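Report on one structure; see the data block that follows.
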Amino acid sequence: MPGTSADRAGTCLLEASRIVKRFSGVTANDEVTLKVAAGEIHALLGENGAGKSTLVKIIYGALQPNAGELFWMGEPVTIASPAAARDLGIGMVFQHFSLFEALTVAENIALALPGRYDLAALSENIARVSKDYGLPLTPSAVVADLSVGERQRIEIVRCLLQEPRLLIMDEPTAVLTPQEADQLFITLRRLAGEGCAVLYISHRLEEVKSLCHNATILRHGKVVAEVDPTRETAASLARLMVGGDVHDVKATSPEHAGETLLALDNLSLAADGPFGVALKHISLDVHAGEVVAIAGVAGNGQGELFLALSGERTTSPGDAISMGGTPCASLRINARRALGAAFVPEERLGHGAAPGFTLSENVVLTRHSGKDGLAAGGFVDFARAAELNQRISRDFDVRKGKPDPEARALSGGNLQKFVVGRELDRQPKILIVNQPTWGVDAGAAALIRQALLDLARSGSAVLVISQDLDEIFEIADRIAVISRGELSAAEPARGLTTERIGLLMAGAHEKARQPVAEAV
Amino acid sequence: MRLYLERRPEHSRTMAIASPFIAVGLTLVTGGIIFALLGFNPFSALYIYFLDPLTSLWSIEELLVKAGPLVLIGVGLAIGYSANVWNIGAEGQLVAGAVAGSLFPVLIPSWQDPTVLPVMLLMGVLGGMAWGAIPAFLKVRFGASEILSSLMLVYVAQLGLDWLVRGPWRDPHGFNFPKSVAFDGWQVLPTLSDSRVHLGIAFALIAAIVLAVVMARMLKGFEIRVIGSTPRAGAFAGFSRNRSIWFGFLVSGGLAGLAGISEVAGPIGHLQPSISPGYGFTAIIVAFLGRLNPLGVVAAGLMLALSYLGGEGAQVALGLSDKIARVFQGILLFYILACDTLILYRIRLAAFGWSGARQ
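For the record, the sequence lines run as chains A and B.
Numbering follows our numbering, in which position 98 of the first sequence is assigned residue number 98; successive positions increment by one, without gaps.
Start counting at 1 in the second sequence, then tack on 1000, and there's your number in our numbering.
Here's what the structure looks like:
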């Protein structure tokens, strides 16, 4: 179990010393030093853009540092490629891993291993390793049939087969249910107990506190602290990461529910394509003045629900969705905007904003229609769009290199502030947001959440679809859970526990086995 | 050492302007090498090809006559390509426009008053639109590739024209030549004094200016650009992909039809089996060389018109096949598409290793 840094110094497995990495003009790592001992679960904490990924890519051989040295078991090494890293005994599980969906688990792993493998022997190995480490996997299962959590297990097993001495995990729980995450922690503790070091990258402070022995905290490319996370509070860790207090969101519940502004009544939608999810009989009311959150693991119909709500996919009957009392399920997106609704999709680049267009052009994207639209009369008022861009950037603290850059030039957090700000600037009566702070740094996330709450308290209805339970508990007045296209009844957030939500995410409310009324 | 491409954070405006010029420069170098391999002095051959045509008034008039249809078709295609609508069949829409526009002068040759020409031009536009509507409908309704369907319709249109001028529309007093009656009087486009420069060239300029305004200032142009580059963001803006397909095909088809009737009612003066030296295909290169910008297309149209004239010059002075023009056009298109990479990427030189291998 965790010792002091003094007695680990002798058994230091990996040491990165004064690593410097510059990308055209930006110093992503500035004299970063990191020591990981054998048998240690070491957290790497930091906001988006703090330099975590850069450091990890250098350790995994995917990037070369401009200065600094790497030591492996005390010896200086050059890690020229990921293959060289694997030869040393470094394995990595990526956040966004890619597998061949049409192939089996064993075939996928065989493809990733060097040399030729006997598939039967490999399958036995996979079965053994997955059993030993509590990572249930069927080698002959086809990947397309597996959940994201199971797919992540494939990646972990693939690393374990190479008997790594250091395992790097990049935001592993981002795609897992709470139960799956707990199972993963058992596996990681077991690995550490056997002497394998784990470098654990995460935003989730509670996880780091319960799992990790040691934490290195990066801010703006520099190491700002090395701490024992068990002796810190989540708040103190967050303060180290952000450098200043993350200002708490003021969650004051509304006195009483206002009128119903958004109503879903038995909304059903067929799956779009083989990998789509069908929406089944979804009913939900969102009232003026409240924030309702929809929790759920990615890929359970959140994207489809958003498209149905925004009008990018229309459906019938018309009263399956009502906005401000007007049936609108068969109306398209701009007609719904005219009813006072605004939308923020999950994917900011390519859906919420067009990457090759300037910010002021992106303002036009959602604000061209209607009587006060930017394109009344057919001509686009680009001057007014530029003014709006200035106002949005000021009000939502969008940081950018020049006044009107292309959307793709902004960092994720700043672009998200812009996309959210563009919609909030219209003072919508109804706001529907999918993953409001996905991949956004803590400062931007707090600002966005506060803005959502402020909007609700000013009398609008806010519906948030999110996978981030911390976020949901922070801002939601009521919570519903979506699982395989079915939505649980919304319950007041105050009475709900994480465990209860985890159960709902795993499908406790699904009615698939019961006969259901036919959609009209 | 090796070369790799590094993504720029934003489009490079410098490169967006420079890339067509780099492409033209590389085309000249490559052309010089080809001439040298054929045993000609590359400098004098390039002079004959690209500069000699600009030294006499006659050939400058001819340059405008050839640039007219290229620009007219090219601006329409540029709109479609901006919307990711790949109309490859402008040559067929040109023919369809020429046939539709010729309907009245062929069937009623005696119609001689100021109304006949506007009606002919309108019919030409409608004919091109109708021919362009076929691939648009197939795309929207069935998801059929517009590249294939529009291209195949070129041959249908050409064979249809061939049949008409050899059959029902053949001039009965034309000594059995496969051509229609000659258009006359009010049925012919007015020309500038006694030159070959005709009103169709003005149409090209007007179309380029109008479409430049539409693309830069109007919501329709914004819609086209968003749908073309980022369809999901376009859907989020409430723009319809299908509407863009229709718009792209009707505009480019209509303008190609106008080019067709302008050729027939202008320099040619009657229908015949072949009414275009591949203007509809060359206009694809014009659209790209003009960076899909209507005003850029005007300059590009002049450049490609020069390649036609140079081909004729090379045939006379060097004894080369006039197919050399196609060779130059192909090389140019190749370099344009390659140089466009530089707008979003920069070339970097790196030592061996993994440092440059990131996306």
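All C-beta atoms in this analysis are idealised placements derived from N, C-alpha and C, irrespective of residue type, glycine included.
Since the structure is predicted, the reported quantities are computational estimates derived from the model, not experimental observations.
Entirely within the segment 299-360 of chain A and at least 4 residues each: give me those alpha helix (DSSP H) ranges in chain order.
302-310, 333-338
Selected residue, minimal CA-CA separation from B:Met-1303, among B:Phe-1043, B:Thr-1014, B:Lys-1066:
Stepping through the second sequence from its first residue, residue 1303 of chain B is reached at position 303. If we check each option's Cα against that of B:Met-1303, B:Lys-1066 comes out closest.
Which residues in the same chain have their Cβ closer than 8 Å to the Cβ of A:Lys-250, if we skip the five residues on either side of it in sequence?
Against the first sequence, residue 250 of chain A aligns to sequence position 250. Reliability of the predicted coordinates at A:Lys-250 is poor, the pLDDT of 48 falling under 50, and the value obtained from them is presented with this limitation in mind. Correct list, in chain order: Gln-450, Leu-453.
With the cut-off set at 8 Å, would you say B:Val-1085 and B:Gly-1127 are in Cβ contact?
Within the second sequence, the letter at position 85 stands for residue 1085 of chain B. Within the second sequence, the letter at position 127 stands for residue 1127 of chain B. Taking 8 Å as the Cβ cut-off, B:Val-1085 and B:Gly-1127 do not qualify as a contacting pair.
DSSP bridge partner residues for A:Lys-35 (one or two, in chain order):
Here residue 35 of chain A corresponds to residue number 35 of the first sequence, with the count starting at 1. For A:Lys-35, which the question treats as bridged, DSSP gives the partners A:Glu-15.
Tell me the residue span of the alpha helix (DSSP H) that contains A:Trp-72.
Locating residue 72 of chain A in the first sequence gives position 72, counting from the first residue. Taken as a continuous stretch (DSSP letters only), A:Trp-72 belongs to no alpha helix (DSSP H), being part of the beta strand (DSSP E) at 67-72.
Where does B:Ser-1252 land, buried or exposed, given buried means 16+ other C-beta within 10 angstroms?
Here residue 1252 of chain B corresponds to residue number 252 of the second sequence, with the count starting at 1. So B:Ser-1252 counts as buried.
How far does the alpha helix (DSSP H) with B:Ile-1285 in it reach, from first residue to last?
The sequence position of residue 1285 of chain B within the second sequence is 285, counting from 1. Its alpha helix (DSSP H) spans residues 1279-1289.
Taking 8 Å as the CB-CB limit, is B:Phe-1142 close to chain A?
Within the second sequence, numbered from 1, the residue matching residue 1142 of chain B stands at position 142. B:Phe-1142 does not count as touching chain A.
Less than 8 Å between the CB atoms is what I'm expecting for A:Val-526 and A:Ala-476, so what's the real figure, rounded?
Outside the displayed range of chain A (1 to 520) lies residue 526 of chain A, so it cannot be described from this structure.
Can you list, in chain order, the residues of its chain whose CB lies under 6 Å from that of A:Ala-67, leaving out five sequence neighbours each side?
For this step, residue 67 of chain A is matched to residue 67 along the first sequence. Counting only Cβ-Cβ distances below 6 Å, and skipping sequence neighbours, we find Val-20.
Which residues does DSSP pair with A:Thr-138 in a beta bridge?
By 1-based counting over the first sequence, the position of residue 138 of chain A is 138. Paired residues: none, contrary to the question.
Give me the Cα-Cα distance between A:Leu-14 and A:Gln-183, rounded to the nearest whole angstrom.
In the first sequence, counting from the first residue as 1, residue 14 of chain A sits at position 14. In the first sequence, counting from the first residue as 1, residue 183 of chain A sits at position 183. A:Leu-14 and A:Gln-183: Cα-Cα distance of roughly 27 Å.
Alpha helix (DSSP H) runs contained entirely in the segment 1142-1228 of chain B, provided each spans 4 or more residues:
1146-1166, 1199-1217
Whole angstroms are fine: how far does the CA of B:Gly-1330 sit from the CA of B:Phe-1203?
As a first step, residue 1203 of chain B is located in the second sequence; it is residue number 203 there, counting from the start. As a first step, residue 1330 of chain B is located in the second sequence; it is residue number 330 there, counting from the start. Taking the straight line joining both Cα atoms gives about 27 Å.
Using a Cβ-Cβ cut-off of less than 7 Å, give me the residues of the segment 375-388 of chain A that come near chain B, in sequence order.
Ala-375, Gly-378, Phe-379, Val-380
Just verifying my parser: in three-state terms, what is the DSSP assignment at A:Ala-112?
On the first sequence, residue 112 of chain A is found 112 positions in, with the first residue counted as 1. In the structure shown, A:Ala-112 sits in a helix (DSSP, three-state: H, G or I).
Spatial neighbours of A:His-247 within its chain, please: C-beta separation below 8 Å, excluding the five flanking residues on both sides.
Locating residue 247 of chain A in the first sequence gives position 247, counting from the first residue. Confidence at A:His-247 is low in this model, with a pLDDT of 46, below 50, so its placement is unreliable and no value can be given for it.
Let me know the secondary structure DSSP gives A:Asp-272 once reduced to three states.
Start at 1 with the first residue of the first sequence, and residue 272 of chain A comes out as number 272. Coil at A:Asp-272, not helix or strand.
So, does the segment 1217-1230 of chain B touch the segment 1047-1057 of chain B, judging by three or more C-beta pairs under 8 Å?
no
Could you run through the segment 1152-1173 of chain B and flag, in chain order, every residue whose CB is less than 7 Å away from some CB of chain A?
none
For B:Tyr-1081, name the three-state secondary structure that DSSP assigns.
For this step, residue 1081 of chain B is matched to residue 81 along the second sequence. Looking at B:Tyr-1081 - three-state DSSP - the assignment turns out to be helix.
Just by C-beta distance, which residues in the segment 1282-1299 of chain B are closer than 8 Å to chain A?
none
Do you know whose CA, among A:Val-32, A:Lys-52, A:Gly-39, lies nearest A:Arg-441's CA?
One-based indexing of the first sequence puts residue 441 of chain A at position 441. The sequence as given places Asp at residue 441 of chain A; Arg does not occur at that position. For A:Asp-441, the nearest C-alpha among the options comes from A:Lys-52.
Using a C-beta to C-beta distance shorter than 8 Å, which residues of chain B count as neighbours of A:Arg-422?
For the purposes of this step, residue 422 of chain A is identified with residue 422 of the first sequence, where counting begins at 1. Ordered by position in chain B, no residue passes the 8 Å Cβ test against A:Arg-422, which lies about 11 Å from the chain.
By Cβ distance below 7 Å, which residues in the same chain neighbour A:Leu-359 in space, the five residues on each side in sequence not counted?
Translated into positions along the first sequence, residue 359 of chain A becomes position 359. Cβ within range, chain order: Asn-389, Asp-404, Pro-405, Ala-407, Phe-418.
Nearest-angstrom Cβ-Cβ length linking B:Gly-1296 and B:His-1198, presumed shorter than 8 Å
In the second sequence, counting from the first residue as 1, residue 1296 of chain B sits at position 296. In the second sequence, counting from the first residue as 1, residue 1198 of chain B sits at position 198. About 24 Å separates the two Cβ atoms, so there is no contact after all.
In chain B, which residues lie less than 8 Å from A:Gly-356 when you measure between Cβ atoms?
Here residue 356 of chain A refers to the residue found at position 356 when the first sequence is read from its first residue. Going along chain B in sequence order, the residues near A:Gly-356 (Cβ under 8 Å) are His-1011, Ser-1229, Thr-1230.
Which chain B residues are close to A:Ile-333, counting only those with a beta carbon under 9 Å from its beta carbon?
Taking the first sequence and counting its residues from 1, one reaches residue 333 of chain A at position 333. The contacting residues are Ala-1235, Phe-1236, Ala-1237, Gly-1238.
Going by the beta-carbon positions, is the gap between A:Asn-266 and A:Ser-283 smaller than 8 Å?
Reading the first sequence from its first residue, position 266 is the one you call residue 266 of chain A. Reading the first sequence from its first residue, position 283 is the one you call residue 283 of chain A. Cβ distance < 8 Å, so A:Asn-266 and A:Ser-283 count as in contact.
In three-state terms, what does DSSP make of B:Gly-1353?
Within the second sequence, residue 1353 of chain B is the residue found at index 353, counting from 1. Any reading at B:Gly-1353 must be qualified, since the residue scores a pLDDT of 48, below 50, and its modelled position is unreliable; no value is offered.
Run through chain C and tell me which residues come within less than 7 Å of A:Val-292, C-beta to C-beta.
The structure shown contains no chain C; its protein chains are A and B.
Is there a Cβ from chain A that is less than 8 Å from the Cβ of B:Phe-1043?
Mapped onto the second sequence, residue 1043 of chain B falls at position 43. No - not a single Cβ of chain A is within 8 Å of the one on B:Phe-1043.
Assumed close pair A:Gly-46, A:Ile-217 - CB separation to whole angstroms, cut-off 8 Å:
Residue numbering aside, residue 46 of chain A sits at position 46 when the first sequence is read from its first letter. Residue numbering aside, residue 217 of chain A sits at position 217 when the first sequence is read from its first letter. Indeed they touch by this definition, with Cβ atoms about 6 Å apart.
I need the DSSP call for A:Phe-596, collapsed to helix, strand or coil.
Outside the shown range of chain A, which is 1 to 520, sits residue 596 of chain A, and nothing can be said about it.
Chain A beta carbons: is any one of them nearer than 8 Å to that of B:Leu-1219?
Locating residue 1219 of chain B in the second sequence gives position 219, counting from the first residue. True, the Cβ-Cβ gap to chain A drops below 8 Å.
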